[in-house]
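**Q**
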């Protein structure tokens with residue numbers, strides 16, 4: 005079920021799915037309106053004559069005009085979208101293209117224009133004018149006019165959305181919002197009960213109680229996009245086994261590399277290994293559903309490009325640092341899941357590779373620090389960000405990780421900052437962390 009949900013989320017974020025759904029829905033809607041026209045007789049007197057078409061030639065002319073305009077504008081919408089994707093790829097990095105493709109408004113606008121075109125064609129085909137029989141779907145034509153008006157409004161909204169979506173601050177804010185709203189889902193599943201103390205857990209002693217060890221290897225090369233840990237835990241419970249994982253979502257696997265071991269007693273179920281392999285989704289690209297560091301890297305990539313000599317945009321880099329500071333401050337207040345997963349009877353079933361605060365902090369600040377040499381404002385803001393994160397940090401190991409980063413930033417500052425006053429500003433801020 006979890007895998008189905010993963011594929012469903014990936015499908016919804018694709019650029020083609022929503023437009024095709026809208027186009028398919030437009031077919032029965034067009035047929036339904038034509039059927040409604042065939043069952044309702046409309047009087048062409050009073051106000052009705054201003055809204056309903058009574059001439060077959062006029063009906064064809066209106067529908068032909070709308071359909072031609074819609075397919076033309078649909079091409080324009082598609083072209084504008086491609087231009088926006090090109091700008092996003094060159095300015096912010098190719099890994100952000102998927103974020104732009106997943107914008108629901110872009111998908112709805114494209115689908116609405118093409119579906120309106122198809123709606124007009126189907127209604128146009130229903131118009132009949134002979135010596136014995138005339139059929140003019142007046143209600144359907146009125147609906148086509150209404151759709152045309154709606155599409156004009158959508159076009160204005162679409163252009164506004166495109167103009168905003170390629171702004172650096174908006175892109176950074178969207179990534180921040182996504183991470184903030186999905187932090188719990190981005191961590192490995194917290195299943196069963198957990199123990200944090202490795203000594204009290206004694207994993208080596210538990211593993212020694214099993215008679216047989218089966219090595220699990222990757223079936224193909226690629227990135228781990230998803231691990232269905234709930235099903236994995238259930239499989240271990242059913243077969244009374246223990247699974248030790250060496251990988252986590254976001255890791256790149258080479259075919260036949262060892263990804264874990266299954267500890268079990270007696271003969272192992274031949275189908276167990278294939279079932280375990282089915283709980284891993286390996287693809288060509290990283291995804292953000294279980295991979296927190298991938299979303300972090302998206303923001304880091306924007307900062308790294310902003311600090312490149314060809315761009316030299318410290319303000320965008322500072323905006324990335326500010327948002328990363330907010331994310332890390334939130335993570336400093338959450339409890340990272342234990343790597344030991346137990347069943348309801350306190351039996352160890354899965355030893356997972358989990359994220360920790362230091363690893364995420366490294367992903368957020370290492371590359372920006374490395375690219376920040378020669379930009380005093382960015383170096384100082386990195387230090388200020390660490391001070392803010394430290395304010396929310398209670399865990400001692402996390403505080404040590406922050407201090408380590410502060411020392412590395414000071415080293416970069418001493419090597420690259422030429423102005424003594426700028427260096428004094430950095431050292432003054434660093435004393436709040438290093439001296440603790």
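Residue numbers (this note's numbering): 5 to 440. Note that beta-carbon positions come from the ideal geometry of N, C-alpha and C, so glycine has one too. If you're wondering where the values come from, they're calculated on a predicted model, not measured in any experiment.
#1: With a threshold of 8 Å, are at least 3 pairs of Cβ atoms found where one atom belongs to the stretch 355–373 and the other to the stretch 381–397?
#2: Between the C-alpha atoms of residue 159 and residue 166, what's the straight-line distance to the nearest angstrom?
#3: Helix, strand or coil: how does DSSP classify residue 214 here?
#4: Nearest to residue 400 by CA position, among 156, 371, 64, 437, is which residue?
#5: Who are the Cβ neighbours of residue 74 in its own chain at under 6 Å, not counting the five residues just before and after it?
#6: In this structure, what does DSSP give as the bridge partners for residue 262?
#7: Would you call residue 428 buried or exposed, if buried means 16 or more other Cβ atoms sit within 10 Å of its Cβ?
#8: On a Cα-Cα basis, can you pick out the residue from 83, 170, 111, 95 that is closest to residue 27?
#9: If you draw a straight line from the C-alpha of residue 182 to the C-alpha of residue 13, how long is it?
#10: Report, in whole angstroms, the separation of the C-beta atoms of residue 243 and residue 209, which I expect to be a contact under 8 Å.
#11: Give the DSSP-derived three-state secondary structure of residue 284 in the structure shown.
#12: Taking the C-alpha atoms as reference points, what is the distance between residue 163 and residue 174?
#13: Rank 229, 80, 376, 61 by C-alpha distance to the C-alpha of residue 283 and give the top, closest one.
#14: Ordered along the chain, which non-local residues of its own chain (more than five positions away) have a Cβ less than 8 Å from that of residue 198?
#15: If you run the structure through DSSP and keep just helix, strand and coil, what is residue 121?
#16: Taking its Cβ as the centre, do 16 or more other Cβ atoms sit within 10 Å of residue 217, making it buried, or is it exposed?
#17: Evaluate residue 327 with the Cβ neighbour count: other Cβ atoms within 10 Å of its Cβ, from every protein chain shown; 16 or more gives buried, anything less gives exposed.
#18: On the CB-based measure, 16 or more other CB atoms within 10 Å of its CB, does residue 23 come out buried or exposed?
#19: May I ask which residues mark the beginning and end of the beta strand (DSSP E) holding residue 306?
#20: Please look up how many angstroms separate the CB atoms of residue 307 and residue 172, rounded, as I've assumed it's under 8 Å.
#21: How far does the alpha helix (DSSP H) with residue 234 in it extend, from its first residue to its last?
#22: Just to check my reading of the structure: residue 64 and residue 131 have Cβ atoms closer than 8 Å, yes? What is that Cβ distance to the nearest angstrom?
#23: Note down, in chain order, each residue of its chain lying with its Cβ closer than 6 Å to the Cβ of residue 11, except the 5 sequence neighbours on either side.
#24: Please identify the residue among 377, 127, 382, 240 whose C-alpha is closest to the C-alpha of residue 34.
#25: Give me the Cβ distance between residue 358 and residue 265, rounded to the nearest whole Å; I'm assuming they're in contact under 8 Å.
#26: For the 8 Å Cβ check, are there 3 or more pairs between the stretch 272–290 and the stretch 310–323?
#27: Three or more C-beta pairs closer than 8 Å, one from the stretch 283–294 and one from the stretch 222–236: is that the case here?
#28: Could you tell me the boundaries of the alpha helix (DSSP H) in which residue 437 lies?
#29: Would you mind reading off the limits of the alpha helix (DSSP H) that contains residue 372?
#30: With H, G and I counted as helix, E and B as strand and the rest as coil, what does DSSP make of residue 248?
#31: Just reading off the alpha helix (DSSP H) that residue 408 is part of, what are its end residues?
#32: In the DSSP assignment, find the unbroken beta strand (DSSP E) run with residue 354 in it and report its ends.
#33: Could you name the residues of the same chain whose beta carbon sits closer than 6 Å to that of residue 377, not counting the 5 residues immediately before and after it, in chain order?
#34: Could you pull out every residue in the same chain whose Cβ sits closer than 7 Å to the Cβ of residue 411, ignoring the five residues on either side in sequence?
#35: Give the secondary structure of residue 138 by DSSP, where H, G and I count as helix, E and B as strand, and everything else as coil.
#36: What separation, rounded to the nearest whole angstrom, lies between the Cα atoms of residue 225 and residue 245?
**A** According to the data block:
#1: Inter-segment contact for the stretch 355–373 and the stretch 381–397 is present: three or more beta-carbon pairs are separated by less than 8 Å.
#2: Spanning the two alpha carbons is a distance of roughly 10 Å.
#3: Three-state DSSP puts residue 214 in coil, outside helix and strand.
#4: Selected option, being the one with the closest Cα: 437.
#5: The beta carbon of residue 74 is closer than 6 Å to those of 117, 120, 121 in its chain, skipping five residues each way along the sequence.
#6: According to DSSP, which records beta bridges pairwise, residue 262 is partnered with 221.
#7: The residue in question, residue 428, is exposed, as its Cβ has fewer than 16 Cβ neighbours within 10 Å.
#8: Residue 111 holds the alpha-carbon nearest to the alpha-carbon of residue 27 among 83, 170, 111, 95.
#9: Straight-line Cα distance between these residues: approximately 14 Å.
#10: Actually they are not in contact, since the Cβ atoms of residue 243 and residue 209 sit about 20 Å apart, beyond 8 Å.
#11: Residue state for residue 284 is assigned as strand, using DSSP reduced to three classes.
#12: One C-alpha to the other measures close to 15 Å.
#13: Proximity to residue 283 across 229, 80, 376, 61 peaks at 229, based on C-alpha coordinates.
#14: Low confidence applies here, because residue 198 scores a pLDDT of 46, under 50, leaving its location unreliable; read the following figure in that light. Answer for residue 198: 341, 342, 344, 345, 346, listed in chain order.
#15: It is helical.
#16: Counting the other CB atoms within 10 Å of its CB gives residue 217 a total below 16, which places it among the exposed residues.
#17: Buried, since its Cβ has 16 or more Cβ neighbours within 10 Å.
#18: Flag for residue 23 reads buried.
#19: In the DSSP assignment, residue 306 falls outside any beta strand (DSSP E) and within the unbroken alpha helix (DSSP H) covering 296–310.
#20: Actually they do not touch by this definition, with Cβ atoms about 10 Å apart.
#21: Run containing residue 234: 233–242, per the alpha helix (DSSP H) assignment.
#22: In this structure residue 64 is in contact with residue 131, their Cβ atoms being roughly 6 Å apart against a cut-off of 8 Å.
#23: Excluding sequence positions up to five before and after residue 11, its CB lies less than 6 Å from no other CB in the same chain.
#24: The candidate whose alpha carbon is nearest that of residue 34 is 127.
#25: About 17 Å separates the two Cβ atoms, so there is no contact after all.
#26: Here the stretch 272–290 does not lie against the stretch 310–323, with fewer than 3 beta-carbon pairs under 8 Å apart.
#27: At 8 Å Cβ cutoff, the stretches touch.
#28: Counting along the chain, residue 437 sits inside the alpha helix (DSSP H) bounded by residues 424–438.
#29: Taken as a continuous stretch (DSSP letters only), the alpha helix (DSSP H) holding residue 372 covers 361–375.
#30: Shown here, residue 248 sits in a strand according to DSSP, grouped into three states.
#31: Where residue 408 is concerned, the enclosing alpha helix (DSSP H) stretches over 400–420.
#32: First-last of the beta strand (DSSP E) with residue 354: 352–355.
#33: Correct list, in chain order: 416, 420.
#34: The beta carbon of residue 411 sits closer than 7 Å to the beta carbons of 438 from its chain, once the five residues preceding and following it are set aside; these are given in chain order.
#35: Residue state, collapsed to three classes: strand.
#36: Each residue's Cα considered, the two are about 26 Å apart.
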